Amino acid sequence: MDKLTIADKTFNSRLFLGTGKFSSNQLMQDSIVASGSELVTVALKRVDMKSGADDMLKHLNIPGVNLLPNTSGVRNAKEAVFAAQLAAEALGTKWLKLEIHPDPKYLLPDGEETLKACYELAKEGFIILPYIHADPVLCKKLEDAGASAVMPLGSPIGTNQGLKTKEFLKIIIEQSNLPVIVDAGIGVPSHAAEAMELGADAVLVNTAIAVAHDPVQMGEAFKMSVQAGRIGHLSGPGAVRQQAEASSPLTSFLSEL
Amino acid sequence: MSFKNIHQQYNWEETTQSIESKTAQDVEFALTKDRIDLEDFKALISPAGENYLEQMAQLSHRLTQKRFGKTIQLYIPLYLSNECANGCIYCGFNCQNKISRHTLNKDEILKEAEIIKSMGFEHLLLVTGEHLRNCGVDYIEEAIQLLRPHFASLSVEIAPMDLPDYNRLQKHGLNTVYVYQETYHKERYSIYHPRGKKADFDYRLETPDRLGKANIHRIGLGCLLGLENWRTDSFFTALHLQYLEKTYWRTKYSISFPRLRPHAGSFEPNYPVNDKQLVQLISAYRIFNGELEISLSTRENPIFRNNMIGLGVTNMSAGSKTEPGGYANPNKELKQFEVSDERSPAEVSGVIQSAGYETVWKDWDQCLM
Numbered sequence: 675m676d677k678l679t680i681a682d683k684t685f686n687s688r689l690f691l692g693t694g695k696f697s698s699n700q701l702m703q704d705s706i707v708a709s710g711s712e713l714v715t716v717a718l719k720r721v722d723m724k725s726g727a728d729d730m731l732k733h734l735n736i737p738g739v740n741l742l743p744n745t746s747g748v749r750n751a752k753e754a755v756f757a758a759q760l761a762a763e764a765l766g767t768k769w770l771k772l773e774i775h776p777d778p779k780y781l782l783p784d785g786e787e788t789l790k791a792c793y794e795l796a797k798e799g800f801i802i803l804p805y806i807h808a809d810p811v812l813c814k815k816l817e818d819a820g821a822s823a824v825m826p827l828g829s830p831i832g833t834n835q836g837l838k839t840k841e842f843l844k845i846i847i848e849q850s851n852l853p854v855i856v857d858a859g860i861g862v863p864s865h866a867a868e869a870m871e872l873g874a875d876a877v878l879v880n881t882a883i884a885v886a887h888d889p890v891q892m893g894e895a896f897k898m899s900v901q902a903g904r905i906g907h908l909s910g911p912g913a914v915r916q917q918a919e920a921s922s923p924l925t926s927f928l929s930e931l
Numbered sequence: 081m082s083f084k085n086i087h088q089q090y091n092w093e094e095t096t097q098s099i100e101s102k103t104a105q106d107v108e109f110a111l112t113k114d115r116i117d118l119e120d121f122k123a124l125i126s127p128a129g130e131n132y133l134e135q136m137a138q139l140s141h142r143l144t145q146k147r148f149g150k151t152i153q154l155y156i157p158l159y160l161s162n163e164c165a166n167g168c169i170y171c172g173f174n175c176q177n178k179i180s181r182h183t184l185n186k187d188e189i190l191k192e193a194e195i196i197k198s199m200g201f202e203h204l205l206l207v208t209g210e211h212l213r214n215c216g217v218d219y220i221e222e223a224i225q226l227l228r229p230h231f232a233s234l235s236v237e238i239a240p241m242d243l244p245d246y247n248r249l250q251k252h253g254l255n256t257v258y259v260y261q262e263t264y265h266k267e268r269y270s271i272y273h274p275r276g277k278k279a280d281f282d283y284r285l286e287t288p289d290r291l292g293k294a295n296i297h298r299i300g301l302g303c304l305l306g307l308e309n310w311r312t313d314s315f316f317t318a319l320h321l322q323y324l325e326k327t328y329w330r331t332k333y334s335i336s337f338p339r340l341r342p343h344a345g346s347f348e349p350n351y352p353v354n355d356k357q358l359v360q361l362i363s364a365y366r367i368f369n370g371e372l373e374i375s376l377s378t379r380e381n382p383i384f385r386n387n388m389i390g391l392g393v394t395n396m397s398a399g400s401k402t403e404p405g406g407y408a409n410p411n412k413e414l415k416q417f418e419v420s421d422e423r424s425p426a427e428v429s430g431v432i433q434s435a436g437y438e439t440v441w442k443d444w445d446q447c448l449m
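One line per chain: the protein sequences are G and W, in this order.
Each residue of the first sequence is one higher than the one before, counting from 675 in the working numbering.
Each residue of the second sequence is one higher than the one before, counting from 81 in the working numbering.
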C-alpha cells in the first residue's frame, strides 16, 4: 500500500486510533498493535501531564506509534490555544488534533472557533489536524489557515452510524489539497473501507474498536478494511451501474451500414 | 424566563396520574424508538414499565457503552463543614440535631487532601452544610484556591448561591455544582424544609439557571428518593434536565440518585424506592438521554453497586467519609449519613476492573478552565 505523508511524517498505516473507552490500558495497547496504527490521539484531560508516571501514556509508548494530543474539553479558541501549548510542552510534540466542541452533549465541532485557533496555532508552528463538520468551505479556509490535514466527521461522534455525510465528504476529497481523514461515526470495518474507496487519505476510529467484544480482533479487521479500501481506490474501480448492461447493444447496426 | 415558569405549568396530581396510566403498549412503543420524549420517559418509569426491566437494562447497557465505553470514573467527597442553618427533617446535619459541629481550617483541609491524593483521586467533591457565615462563598473560594493545584477537577455540593458568587468560584476553577431539588412538589417541599434559606423552594429551583448563566462546566441534578412519589419527582427532574440542556447547551449534566438512608434524626422515607425500581429509574434515564452522566454514591451497598457497573452508571464515589475531617480522624458523631459501601477505593477499582471496565481517575484538567 502507498504511504501517507502529513507534514513532516510518513505513515505506512492509514488507520488512526482513538484511545478512550477501552476496558483497560493493556487492551488498548494490544488493539493499537493489532491495528498497525502509527498515529493515536490522546485526550489531554485523561492523562496526568505532571507526574510523568501516567499509566495510559506508559501503555502508549509503543515503537513506531506517534501521539496526537487532542484538545477535547475546550469550548473556544482561546482555551484550545492554551491547552495546545501545555500539551506540546508536556508531551513533547507539536502535533495536535484540534477539537473544539462547546456542546458537551453531541460533541459537535465549532467551525468558527476552530478556524480562529488554527490561524493562531499555525503561527506557533503546530501541525494541526482539525476535527470539523463535513463542510467543504470550512476545509478550504482551514487550508489557508495553515492546517496540515482536515478531519471531517462521518456522523456524530460515537454513533457508529457510518458515512452519513458522504455527499459532502466527496466534495471535500475532490477539492482538498490537504490529506482528508474521516473521523467520527465509523462503526464497522466496511464503513472504513467505504471512506477509503471514496478517496479519503485515512480514517480515525475509536468507539468501534474500543467497545467491540474483541477489540484486538476488531483492530485487525479495521487494518485490513482500510488497506482493502485504499487499494480498491487506487485500482480504479469500474463505475457502479443501476442496470445490467445489454448484451445486444441497440446501436450495433450502425457498424453494419 | 427560568425553569420556574415551566414548573408552574404542571400539576403534580395530573402528572402522577398520567404516569400511572401508562400501559404495556406505551412501554413497548418507547422501547422501539431511537430517541424518546418525555411521554415515553413516563412510560418507562411507570408501574407498567416494571415488567420490562430486563429489556430496559439491556438497552441502557448498550447505550452507556456506546457513549462512555467500558469505563467508570471515580470521585470522592471531602466534607468541609457540617454546620448548617437549615432544618431539613430528613438530614443528619439538621441544625436541631444535637451533634458536634465543625468546619475545617486550612491545615485540616490540606491534611484531608493529602490522604485523598494518596488514594489516587483526581476528582474531588467539596461538601458543606448551609451556613452562610461559616462556610459561605468566601470560605469556599479559599478552599478552591487551596485545593486547585492538587486536583484535576473540583466540584461542590453546597448552599445555592447568587450568580455573582458562582461567577467568582468559576474563575477560580470550580468545575461542577451539584444541586438537588430534593422534591419538585412545591407544597410538600416546605414540610421537609421548614427553616433556613433552603425553605425558599423557588430560589433552589432556579439555581441551575444561575449555574448555566455562570458558565459552570457541569451541573448535577437529582431528587431525594423517598420523600415524595419518586416517579413524579423523576419526571420533573427529567423535565428540568431537558429544559436546561436546551437553554444552557454548553453545559454538561449529570444525575444522581440519593436514596434516603438511616441518620441521626428520626425521619423514615414516605415513598421508599426498592432496588428493582432504582434499576428501572436508572435505565429509563439512560434511554431518555444517552449522553447524561449517571452517578452512584456509597449510600448504596456493595452488591448493588457492583451490579450497576455497566448498567447505565458512569461515575462512582469510593472510600467516602461523610464527616468533616473524616479521612484523617474518623468521627462517627459528625456524619451526615451512614455509607453502605465501606470498601477502599482500591477495592472498588479492583471490582470495576474485574467487571471488564477501566477505572478512570482523571478525566479533566485544570488547564481547560
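Quick reminder that beta carbons are idealized off the backbone N, C-alpha and C, glycines included.
Computed from a predicted model, the values in this text were never measured in an experiment.
Cutoff 8 Å: residue i Cβ touching any chain G Cβ
| i | result |
| --- | --- |
| A92/W | Contrary to the premise, residue 92/W reads as Trp rather than Ala in this sequence. No, W92/W does not count as interfacial toward chain G. |
| G436/W | yes |
| Q153/W | no |
| W310/W | no |
| D114/W | no |
| L448/W | yes |
| D117/W | no |
| E325/W | yes |
Beta strand (DSSP E) segment containing residue i, residue limits
| i | result |
| --- | --- |
| H203/W | H203 to V207 |
| Y159/W | T151 to Y159 |
| P352/W | That residue, P352/W, is in no beta strand (DSSP E); it is neither H nor E in DSSP. |
| Y258/W | L254 to Y258 |
| A717/G | L713 to A717 |
As assigned by DSSP and simplified to three states, the class of residue i
| i | result |
| --- | --- |
| A294/W | coil |
| K683/G | strand |
| C175/W | coil |
| K771/G | strand |
| D289/W | helix |
| C303/W | strand |
| Y437/W | coil |
| D218/W | helix |
| R339/W | strand |
| G692/G | strand |
| P244/W | helix |
| D857/G | strand |
| T327/W | helix |
| M675/G | coil |
| N395/W | strand |
| E308/W | coil |
| A193/W | helix |
Buried versus exposed, by CB contacts within 10 Å (16 or more), residue i
| i | result |
| --- | --- |
| P244/W | exposed |
| H182/W | buried |
| N174/W | buried |
| L689/G | buried |
| L908/G | exposed |
| Q700/G | exposed |
| Q494/W | In the structure as shown, chain W begins at 81 and stops at 449. Residue 494/W is therefore absent and cannot be evaluated. |
Residue from the options with nearest C-alpha to residue i
| i | options | result |
| --- | --- | --- |
| R311/W | N85/W, Q357/W, I189/W and D289/W | Q357/W |
| S746/G | H733/G, K771/G and P923/G | K771/G |
| L713/G | A727/G, Q700/G, T693/G and S698/G | T693/G |
| V652/G | K844/G, N740/G and T833/G | This structure cannot settle anything about residue 652/G, because the visible part of chain G is limited to 675 through 931. |
| L837/G | Q700/G, A874/G and F690/G | A874/G |
| Y323/W | D355/W, L305/W, S336/W and L285/W | L285/W |
| L120/W | P127/W, E130/W and F109/W | The sequence shown places Asp at residue 120/W, rather than the Leu named in the question. The candidate whose alpha carbon is nearest that of D120/W is F109/W. |
CB contact below 8 Å: residue i versus chain W
| i | result |
| --- | --- |
| N834/G | yes |
| V755/G | no |
| V748/G | yes |
| P830/G | no |
| A884/G | yes |
| S697/G | yes |
| K768/G | no |
| D888/G | no |
Limits of the unbroken alpha helix (DSSP H) element including residue i
| i | result |
| --- | --- |
| F368/W | D355 to F368 |
| P743/G | First-last for P743/G: N740 to N744, but that is the beta strand (DSSP E), not the alpha helix (DSSP H). |
| S864/G | P863 to L872 |
| M702/G | N699 to S709 |
| A876/G | Counting along the chain, A876/G falls outside any alpha helix (DSSP H), though it belongs to the beta strand (DSSP E) covering A876 to V879. |
| I99/W | W92 to E100 |
Near the ligand MG: residue i beta-carbon under 7 Å from a heavy atom
| i | result |
| --- | --- |
| L448/W | Among the components modelled here there is no ligand, and therefore nothing to report on the ligand MG. |
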